[in-house]
Amino acid sequence: MPDNPQQNTGNKITGNSFLQMIVPAALLCCMVAFLWPYFQYYIDPDAISYLNITAKYVEGDYQHAVNAFWSPMGCWLTAVLVKCTHWPLFKSAIIINTIPAVGMVLAGQRLFQKFRNDDWERWCFGLMSAVFWSYTIYFQSFTDIWQFFFLTVGVLILLREDYNQKPVWWIALGITGCLAFFGKAYSFVFFPVMILVITAIKLRSEEGLKIKRWLLISLTSIVVMMLCLSPWVYLLHEKYGIWTYSTAGKLNMSWWLVGTQEFKTSVHAVVPPPYQGSLYYFEDPYLAQGRFSNFWQSPHLFLKQIMRTLYNIVGWTESSNRISAFYFVVWVLSILFFVQKRKTIFQSTALKIILTLFIIFPLPYWLLTFDHGRYLWFTIPLASILAMTMSDEFIKPKLGKRLYPVFIAVFFLSFIITPISDMKGMFRSGYEEHETAMRLWKENIVKSSFISNKSYADAGSSIIKIAWFSENAWYCHPLNDYSTAELLADAKRYNVQYYFYFYEGSGDDYIFRNRDGKIVEDITNGVIKGLKVYPIGE
Numbered sequence: 001m002p003d004n005p006q007q008n009t010g011n012k013i014t015g016n017s018f019l020q021m022i023v024p025a026a027l028l029c030c031m032v033a034f035l036w037p038y039f040q041y042y043i044d045p046d047a048i049s050y051l052n053i054t055a056k057y058v059e060g061d062y063q064h065a066v067n068a069f070w071s072p073m074g075c076w077l078t079a080v081l082v083k084c085t086h087w088p089l090f091k092s093a094i095i096i097n098t099i100p101a102v103g104m105v106l107a108g109q110r111l112f113q114k115f116r117n118d119d120w121e122r123w124c125f126g127l128m129s130a131v132f133w134s135y136t137i138y139f140q141s142f143t144d145i146w147q148f149f150f151l152t153v154g155v156l157i158l159l160r161e162d163y164n165q166k167p168v169w170w171i172a173l174g175i176t177g178c179l180a181f182f183g184k185a186y187s188f189v190f191f192p193v194m195i196l197v198i199t200a201i202k203l204r205s206e207e208g209l210k211i212k213r214w215l216l217i218s219l220t221s222i223v224v225m226m227l228c229l230s231p232w233v234y235l236l237h238e239k240y241g242i243w244t245y246s247t248a249g250k251l252n253m254s255w256w257l258v259g260t261q262e263f264k265t266s267v268h269a270v271v272p273p274p275y276q277g278s279l280y281y282f283e284d285p286y287l288a289q290g291r292f293s294n295f296w297q298s299p300h301l302f303l304k305q306i307m308r309t310l311y312n313i314v315g316w317t318e319s320s321n322r323i324s325a326f327y328f329v330v331w332v333l334s335i336l337f338f339v340q341k342r343k344t345i346f347q348s349t350a351l352k353i354i355l356t357l358f359i360i361f362p363l364p365y366w367l368l369t370f371d372h373g374r375y376l377w378f379t380i381p382l383a384s385i386l387a388m389t390m391s392d393e394f395i396k397p398k399l400g401k402r403l404y405p406v407f408i409a410v411f412f413l414s415f416i417i418t419p420i421s422d423m424k425g426m427f428r429s430g431y432e433e434h435e436t437a438m439r440l441w442k443e444n445i446v447k448s449s450f451i452s453n454k455s456y457a458d459a460g461s462s463i464i465k466i467a468w469f470s471e472n473a474w475y476c477h478p479l480n481d482y483s484t485a486e487l488l489a490d491a492k493r494y495n496v497q498y499y500f501y502f503y504e505g506s507g508d509d510y511i512f513r514n515r516d517g518k519i520v521e522d523i524t525n526g527v528i529k530g531l532k533v534y535p536i537g538e
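Shown next as C-alpha cells:
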C-alpha cells in the first residue's frame, strides 16, 4: 500500500467511524418517514408492474407471479412483509426498499473509510449518501438498490486481506452474487466478471498470477453463485419453456436497437395484459414480443448499433452530469490513469481494484442506455474514493488547509443537486391520478378494463397510475398509429368494457360514437375532471 496517510485498507471500525456510519443511516430513515406524506402517490412506472407481481405472490398465484423480466428480490420481501403485517403494498415496498438503502449508506461508508481517514471527508460523504439514497428509495421503488448494496458488499469481501487464503470468503462472495442477481439481472454477467478480474488483480499483486489458483478461487465463487440461483432459472424454464436467467437483457437489446418493441403478429391496435389480473402488457412484455433483433443479424443492424453506441456519448455525458458535475471529470482522469504504464497515484492493489470497477461497470450499458444515470448509482462510492485520491495530488496542495474543506463540501453537495431537483417534481406527484381513481371507485368503474384515446407514448405513466389505483386493466396502444375505430374494433375483440377519454379544458364539444355509430353518453356525468368514461362492453 502507498505511504499516503489517507489510504488505509486495513483500518478497524472505531467509535468515530461507527458514528459516521450510524448517523447518516439514521438520518436516511428519518428522511424517508418525513417524505412519505408527500411522496406516497409517486409510483414510478416500473413499480406498477412490481406491485402487481407482489400482489400475486401475496395471493399465492405463483404461476402469474414468477416473472423473467422483473427481478424478484423486492417482490419477495415486500410480499412477506404484507403477509405478516397486512400493510398496504406500496407502503410495504417503500419500507423494504429502505433496507438496502440503509445498507448502501453503511457499506458505502465502510468502503470509503477503507481509503479515507479524514473525518470531514467521511462526514460529508456520509451525509451526502443519506440524502442521495433516501431520494432513490422513492425514485425507483423496487430492487435496483438491492443489487447496488450486494455489489458493494461483494467489493468489501474482495478487498479483505485474507480473501485469497480463506475459502469461506469465496463461498460468501458467491452467495452475495446470487443475492445481487435477485436484485437485478445485470449481476448475472457483471458479478462473475468482477470476481474474475479482481481476483486476478489481487493474486498478481500478492503472490503472482497462477492460473490454477486464479481459477480455483474464481470458479468456487461463480459456481456457488450459479448453484444458488439455479432453482429460479428452473422455475423460469418451467413457465416460459426456455432456458434463461432473464428476458430483460434480450428485450432491451432489441428495443434500443430497433427503436421500438416489435409485437407479435396477433397484436393489432391494442396490446392486451399478459394474464388475468394484470394491469397492462408491460408486466411481462416478453409474451407480446414478436421478433428479437440483434446487431449481428445484418449489416444494417450492425450499423444501427454503432450509431446507438456513438449517440450514447451524449447519454453518458448527460447521465454523468446528473450524478455530479465532477463525475465526468473523474471518469476521464480515471481512464487516463488506467492506461498509464508509468507509476501513478493508483499503485496500491486496493485502489487499482476501485479504479478497475469504476471503469468496467458501465461498459455494457454503452450498447443500450444509462437511463439518466440510474444504472450508475453503484459507482458513486467508487467515484468519491477516486476523486478524493486525485484531489490529494492535484487540488489540496493548491487550495491549502483553509479552502480545501470548502472544496470537499462542494464536491459532495454536487451529488445531491439532481435528487433535490427531482424531488421537487416528485412532490405530491400522482395525487391527481389517485383522486381520479377514487372517483372511479365511487362510480363503480373499477376492477374492469378500458382502452383510452391516449397512447402509452402520450401519457403512459399517468394512465397506468390510474389503472393501479382503480384496479382497471389498461389495453393500451403504445404509439399514436391507430384511429378510434381501430381501437374500438380491438376492444370488442378482447371484450374491453370502457373507453376512457382524457381531455383538457371543458370537453363539452366531444361526442363519442360506438362501433355502430350511435352516440354514447359519459356515464360519470362529467364529475371526473379531465376524464369521460363511455361503456363499450357487450
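By full-length UniProt numbering, the letter at position 477 of the sequence shown is numbered 477, and the numbering carries on one by one without gaps.
Each residue gets a CB set at the ideal place from its N, CA and C atoms; glycine is no exception.
Nearest CA to the CA of residue i: which residue from the options?
i           : options                        : result
Leu257      : Ile99, Lys442, Lys304, Trp331  : Lys304
Ile171      : Tyr186, Trp255, Ser221         : Ser221
Leu203      : Leu216, Asn164, Val224         : Asn164
Tyr327      : Arg402, Val339, Pro364, Ile417 : Ile417
Val330      : Leu382, Asn495, Gly526, Trp468 : Leu382
residue 539 : Ser187, Asn117, Pro167         : Because the chain spans 1 through 538 in this model, residue 539 falls outside it and cannot be assessed.
Thr247      : Val270, Leu287, Leu367         : Leu287
Tyr311      : Trp366, Thr78, Phe302, Leu351  : Trp366
Ala55       : Phe150, Phe190, Trp76          : Trp76
Asp516      : Ser506, Tyr503, Thr484, Phe469 : Thr484
Ile528      : Asp481, Asn480, Lys442         : Lys442
Ala101      : Asp118, Asp144, Glu59, Ala79   : Asp144
Leu215      : Val233, Ser205, Glu206, Pro192 : Pro192
Thr457      : Phe337, Phe370, Gly315, Val270 : For the record, residue 457 in the displayed sequence is Ala; it is not Thr. For the residues Phe337, Phe370, Gly315, Val270, the minimum Cα distance to Ala457 belongs to Val270.
Ile420      : Tyr135, Tyr41, Met253, Phe18   : Tyr135
Under 8 Å by Cβ, that's how I've got residue i and residue j pegged, so tell me the actual separation to the nearest angstrom.
i      : j      : result
Val66  : Lys250 : No, Val66 and Lys250 are not in contact; Cβ-Cβ is about 17 Å, not under 8 Å.
Tyr275 : His64  : 5 Å
Ile211 : Ile353 : That pair is no contact at about 20 Å.
Gln20  : Trp123 : 6 Å
Tyr475 : Pro535 : Tyr475 to Pro535, Cβ: 15 Å. No contact.
Thr524 : Lys518 : That belief does not hold up - the Cβ atoms of Thr524 and Lys518 are roughly 19 Å apart, past 8 Å.
Gly183 : Ser71  : 6 Å
Pro24  : Gly126 : 4 Å
On the three-state DSSP scale, how would you describe residue i?
i           : result
Leu209      : coil
Asp475      : Before going on, a small fix: residue 475 reads as Tyr here, not Asp. Tyr475: coil per DSSP, three-state reduction.
residue 551 : This structure gives no information on residue 551, because the portion of the chain shown stretches from 1 to 538.
Pro88       : coil
Leu279      : coil
Met1        : Unreliable positioning characterises Met1 in this predicted model, as indicated by a pLDDT of 38, which lies under 50. The coordinate reading is nonetheless provided below. Three-state DSSP puts Met1 in coil, outside helix and strand.
Val270      : coil
Ile451      : strand
Leu531      : strand
Val520      : strand
Gln289      : strand
Arg122      : helix
Arg513      : strand
Phe263      : strand
Trp70       : coil
Ser320      : helix
Asn480      : coil
Phe39       : helix
Gly10       : Caution is warranted here: a pLDDT of 46 is assigned to Gly10, below 50, making its placement in the model unreliable, and the coordinate value is therefore given only provisionally. If DSSP states are grouped into helix, strand and coil, Gly10 belongs with coil.
residue 544 : Any answer about residue 544 is impossible in this case: the structure gives the chain only from 1 up to 538.
Ser506      : coil
Asp284      : coil
Tyr57       : helix
Gln165      : coil
Tyr494      : coil
Ile536      : coil
residue 540 : Here the chain covers residues 1 to 538 and nothing more, so residue 540 does not appear.
With a threshold of 7 Å (Cβ to nearest heavy atom), would residue i be considered close to the ligand ADP?
i      : result
Phe132 : Ligands displayed in this structure: none; no statement on the ligand ADP is therefore possible.
Compare the C-beta of residue i against all C-beta atoms of chain B and say whether one is closer than 8 Å.
i      : result
Arg374 : Of the protein chains in this structure there is only one, and it is not chain B.
Continuous beta strand (DSSP E) assignments of at least 3 residues falling wholly in the region 181 to 256: Secondary structure remark: continuous beta strand (DSSP E) runs of at least 3 residues inside the region 181 to 256: none found.
Contact between the region 312 to 324 and the region 151 to 163 (3+ Cβ pairs under 8 Å): Segments in contact, no.
Three or more C-beta pairs below 8 Å linking the region 110 to 120 and the region 74 to 83: In short, these stretches do not touch, since the Cβ pair count stays below three.
Alpha helix (DSSP H) segments (min. 4 residues) lying fully within the region 325 to 382: Listed in chain order, the complete alpha helix (DSSP H) runs (minimum 4 residues) inside the region 325 to 382 are 327 to 339, 349 to 360.
Stretch-stretch touch, CB-based, cutoff 8 Å, three pairs: the region 264 to 271 with the region 225 to 237: Contact check between the region 264 to 271 and the region 225 to 237: fewer than three CB pairs, one atom from each, fall below 8 Å, which does not count as touching.
Three CB pairs or more closer than 8 Å across the region 43 to 54 and the region 462 to 473: Yes, the region 43 to 54 touches the region 462 to 473.
Segment contact flag, the region 358 to 365 with the region 444 to 451, C-beta cutoff 8 Å, min 3 pairs: Contact between the region 358 to 365 and the region 444 to 451 is absent: fewer than 3 CB-CB pairs across the two stretches fall below 8 Å.
The region 385 to 392 touching the region 88 to 102, judged by at least three CB pairs closer than 8 Å: Cβ pair count under 8 Å is below three, so no.
Validate contact between the region 486 to 500 and the region 404 to 418 using beta carbons, cut 8 Å, 3 pairs: Taking 8 Å as the limit for Cβ pairs, the verdict is that the region 404 to 418 does not touch the region 486 to 500.
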